[in-house]
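A.B. asks:
Number of protein chains: 2
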Amino acid sequence: MKRPALSMVVLALAASFTLAAQALAQTDPLPSWNDGPAKKAIVEFVQATTTQGGPQFVPPGERIATFDQDGTLWVEQPVYSQVMYCLDRVPAVVKAKPELAEGEPFKTVMSGNREAIAKLSMKDLEKLLVATLTGMPTEEFRAEAKKWLDTARDPRWKRPYTELTYQPMQEVMKYMRANGYKTYIVTGGGQDFVRVYAEEIYGVPPEQVVGTAGGTKYGYDKAGKPFLLKEPRLLLNDDKAGKPEGIHLMIGRRPRAAFGNSAGDKEMLEYTKAGDGARLAMLVLHDDATREYAYGPAKGLRASKVGTFPQSLYDQAGKQGWVVISMKSDWKQIFSFD
Amino acid sequence: MKRPALSMVVLALAASFTLAAQALAQTDPLPSWNDGPAKKAIVEFVQATTTQGGPQFVPPGERIATFDQDGTLWVEQPVYSQVMYCLDRVPAVVKAKPELAEGEPFKTVMSGNREAIAKLSMKDLEKLLVATLTGMPTEEFRAEAKKWLDTARDPRWKRPYTELTYQPMQEVMKYMRANGYKTYIVTGGGQDFVRVYAEEIYGVPPEQVVGTAGGTKYGYDKAGKPFLLKEPRLLLNDDKAGKPEGIHLMIGRRPRAAFGNSAGDKEMLEYTKAGDGARLAMLVLHDDATREYAYGPAKGLRASKVGTFPQSLYDQAGKQGWVVISMKSDWKQIFSFD
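Here the protein sequences line up with chains D and C, keeping their order.
Position 188 (the first sequence) corresponds to 188 in the working numbering; numbering is contiguous.
Counting from 1 along the second sequence, just add 1000 to a position and that's the residue number in the working numbering.
(1) Can you tell me where the beta strand (DSSP E) holding R233 of chain D begins and where it ends?
(2) Output yes if chain D places a C-beta closer than 7 Å to the C-beta of K1222 of chain C; else output no.
(3) Under the DSSP definition of a beta bridge, which residues are partnered with M1136 of chain C?
(4) When you compare the segment 1242-1249 of chain C with the segment 289-305 of chain D, are there three or more beta-carbon pairs, one atom per stretch, that lie closer than 8 Å?
(5) Do you know how far the Cα of A257 of chain D is from the Cα of A1096 of chain C?
(6) Between A1145 of chain C and the rest of its own chain, which residues show a CB-CB distance below 7 Å, the 5 nearest in sequence each way excluded?
(7) Could you tell me the boundaries of the alpha helix (DSSP H) in which F1193 of chain C lies?
(8) Can you tell which of C:P1059, C:D1238, C:V1204, C:P1206 has the C-alpha that lies nearest to the C-alpha of Y218 of chain D?
(9) Could you spell out where the alpha helix (DSSP H) holding Y1085 of chain C opens and where it closes?
(10) Taking Cβ to Cβ, would you say L1283 of chain C is nearer than 7 Å to N1261 of chain C?
(11) Counting C-beta neighbours from all protein chains within 10 Å, is the total for F335 of chain D 16 or more, i.e. buried, or is it exposed?
(12) Which term fits K147 of chain D, buried or exposed, when burial requires 16 or more other beta carbons within 10 angstroms of its beta carbon?
(13) Under the three-state reduction of DSSP, which class applies to F1067 of chain C: helix, strand or coil?
(14) With 7 Å set as the bound, which would you pick, yes or no: does the beta-carbon of I247 of chain D sit closer than that to a beta-carbon of chain C?
(15) Decide if the segment 1305-1319 of chain C is in contact with the segment 1261-1279 of chain C; the criterion is three or more beta carbon pairs, one per stretch, under 8 Å apart.
(16) Only counting the same chain, and skipping five residues up and downstream in sequence, which positions put a Cβ closer than 8 Å to that of P60 of chain D?
(17) Check each residue of the segment 121-155 of chain D: if its Cβ is closer than 9 Å to any Cβ of chain C, include it; give the result in chain order.
(18) Could you check where the alpha helix (DSSP H) with F309 of chain D kicks off and where it finishes?
(19) Using the Cα positions of F1141 of chain C and D1221 of chain C, report the straight-line distance between them to the nearest angstrom.
(20) Buried or exposed: F1337 of chain C, going by 16 or more other Cβ atoms within 10 Å of its Cβ?
(21) Can you give me the start and stop residues for the alpha helix (DSSP H) that A41 of chain D sits inside?
(22) To which residues does DSSP link T345 of chain D through a beta bridge?
(23) Answer yes if the segment 1111-1120 of chain C comes into contact with the segment 1147-1165 of chain C, meaning at least three C-beta pairs across the two stretches below 8 Å, and no otherwise.
(24) At 7 Å on the CB atoms, spell out the chain C contacts of R253 of chain D, in chain order.
(25) Check for me: the alpha helix (DSSP H) holding G1246 of chain C runs from which residue to which?
(26) To the nearest angstrom, how far is it from the Cα of G71 of chain D to the Cα of G1224 of chain C?
(27) Which bits of chain D does E1270 of chain C rub up against, with CB to CB less than 8 Å?
(28) At a Cβ cut of 9 Å, what residues of the segment 169-185 of chain D count as close to chain C, listed as they run along the chain?
(29) For G103 of chain D, is the classification buried or exposed, using 16 other Cβ atoms within 10 angstroms of its Cβ as the cut-off for buried?
(30) Exposed or buried, which one is P255 of chain D when buried takes at least 16 other CB atoms within 10 Å?
(31) I1185 of chain C bridges to which residues according to DSSP?
(32) Along the beta strand (DSSP E) that carries V1324 of chain C, what are the first and last residues, could you check?
(33) Return the Cβ separation of A1213 of chain C and V1058 of chain C in integer angstroms, given the expectation that the two are a contact with Cβ distance under 8 Å.
(34) Residues of chain C with CB under 7 Å from P78 of chain D, in chain order?
(35) Which residues, in chain order, does the segment 255-285 of chain D contribute to contact with chain C at a C-beta distance below 8 Å?
(36) Check whether the Cβ atoms of A350 of chain D and T183 of chain D sit closer than 7 Å, and answer yes or no.
Next up, the structure:
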């Protein structure tokens, strides 16, 4: 027998290293998580629902997992990134319609006075959303949002907003998908806005993004080409009770697992847990001021209007078997760039 | 060398027969179709869009195909099966609310006078839809609809409505799925109604059914268990311009291929064909009174209010490169039981 050439030996060794690395990766699907009840709950749920013949087995078609976005999959403080988008769009809107410049809330936004902007009323904010998110064809909106996402930077990390996703949650989504789960984003944010980047940054395609949605109107341009115009007509306010309502409308199945981080996710988690068999409900608690932010007011953390996690939600989680994820103690790493 | 046992020879032969059968099946993915321009258009489209490196290649994630249901995937004459469901539900509704019995349209429906029922106004029909499709929890509606589907029979074929799907279209859906397409139903029928059976009879899961949809309201029963109540509040009228609007809302991507059979599908086909690259738009023409029904009024066929295919739609198809499927000449077989 001829001795194998050195190159063959190297190839064989490389192959066995690859296999060993794969085996190692398989032993821990959630490397950014510290061992603890949260990590354990996720792994046990996935194992139980995918063990063929087991008492909690879930057929692949019914494996639906829903994830809130702001504060659950990426940073939401100090202000939702979509609100930053709307504020940044105001100069272009005013340029196109100069008559807006003297009226509110445009005058205040154009002044650049941050304190005054932070005090805008809900009604003024709505005017801002209507002016910056509706009135244009869907494809024009998509192009504008994409351009902004490519250039805008978060003030604290000086990085694109799309890099501020939580590495541990990215791992959960990948782990669930690898086990036959369809992962959905169910967000209070704008459905059309989140769809612009969800596929690239989370691997979640547009048809698996459920969000606050307005109507569109079908029409034709001068050349006779059809387009959809974004209208200021709210179809779904995908927050609080709107989340299970949106899940029924867009998915039509009750989730097996749901992840959130605030009072806006309460009904989605209740609805998920009310189904038969194994169900998983989890809430991210932002208790890490050093590596990210700390806010509640649950557990004595500072209160926040953005992503409020009240003590009552914390107590309900305890009573109903929802698992609270402590960012500080459950997450080894927060961002991929850490 | 020992001679192989007879059983081994049989097994080997069986295996090679299976392979041969599979190879044969692969040569014709659409056995219920006669050779002709319609079959050719489907096969060429699928081959062109799935040939890696080819000029018309479409990445798997973008492979979206939408199918109208009534008249495209199953029989819609003489009356949509969902209307039959609503009529059949009236006695139960009147029993629960006896005060309805003396008012219209319930009085006429309860009389059983078919001619009078056929003449009910649009407004009366709407009252009927509201009374039979809303006001109950989503799960109760689902159970009622399922029970009806299991027992109701089409008067002509004396079979469950769910058996009256077109074998050639079933083959198209399977063929497209085998080539990485996500198949969606986009129907003017009720989204919740079609979701009850679409997975079982078409292999289309609930989350891939887009239809006329009403709002739901989240609430709790006496035991504190959450449920969604079906409300008489129209969110999406998924017909005509409502089809591309519904596609944007529920899918968020422009289809690559769309199939319809009536004026209600015009905008969906226009929207599909207005995209870049390879796009397929097809219309089923019911021109086979012997094996199914013949109606138009296109091509001089009898006019019908149900599933109207006007001559203008036929002419538009010719101008815009949409392919018309002749049920009579393109389909070798109509139903699986033929």
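Here a beta-carbon is modelled for each residue, glycine too, at the ideal position from N, C-alpha and C.
Quick caveat: nothing in here was measured; it's all calculated off a predicted structure.
C.D. replies: So, from the listed chains and residues:
(1) 226-236
(2) Cβ-Cβ to chain D under 7 Å: no for K1222 of chain C.
(3) Paired residue(s): none; M1136 of chain C is not in a bridge.
(4) no
(5) 37 Å
(6) Result list for A1145 of chain C: Y1085, F1193, V1196, in chain order.
(7) 1191-1202
(8) C:D1238
(9) 1081-1096
(10) yes
(11) Residue environment for F335 of chain D: buried (at least 16 other C-beta atoms within 10 angstroms of its C-beta).
(12) Counting other Cβ atoms within 10 Å of its Cβ, K147 of chain D stays below 16 and is therefore classed as exposed.
(13) strand
(14) No, I247 of chain D lies away from the interface with chain C (no Cβ there is under 7 Å from its Cβ).
(15) Taking 8 Å as the limit for Cβ pairs, the verdict is that the segment 1261-1279 of chain C does touch the segment 1305-1319 of chain C.
(16) G180
(17) T138
(18) Here F309 of chain D belongs to no alpha helix (DSSP H), and DSSP marks it neither H nor E.
(19) 16 Å
(20) exposed
(21) 37-50
(22) This structure does not reach residue 345 of chain D, given that chain D is present from 1 up to 338, and the question cannot be answered.
(23) Touching, no.
(24) P1206, E1207
(25) 1242-1250
(26) 28 Å
(27) P226
(28) Under the 9 Å Cβ criterion, the segment 169-185 of chain D contributes K182, Y184.
(29) When all chains shown are included, G103 of chain D counts as exposed.
(30) buried
(31) Looking at the DSSP output, I1185 of chain C bridges to C:F1067, C:V1209.
(32) 1323-1326
(33) About 28 Å separates the two Cβ atoms, so there is no contact after all.
(34) Chain C residues near P78 of chain D: none, gap ~29 Å exceeds 7 Å.
(35) Cβ contacts with chain C come from E267, E270, Y271, A274.
(36) Outside the shown range of chain D (1 to 338) lies residue 350 of chain D, about which nothing can therefore be said.
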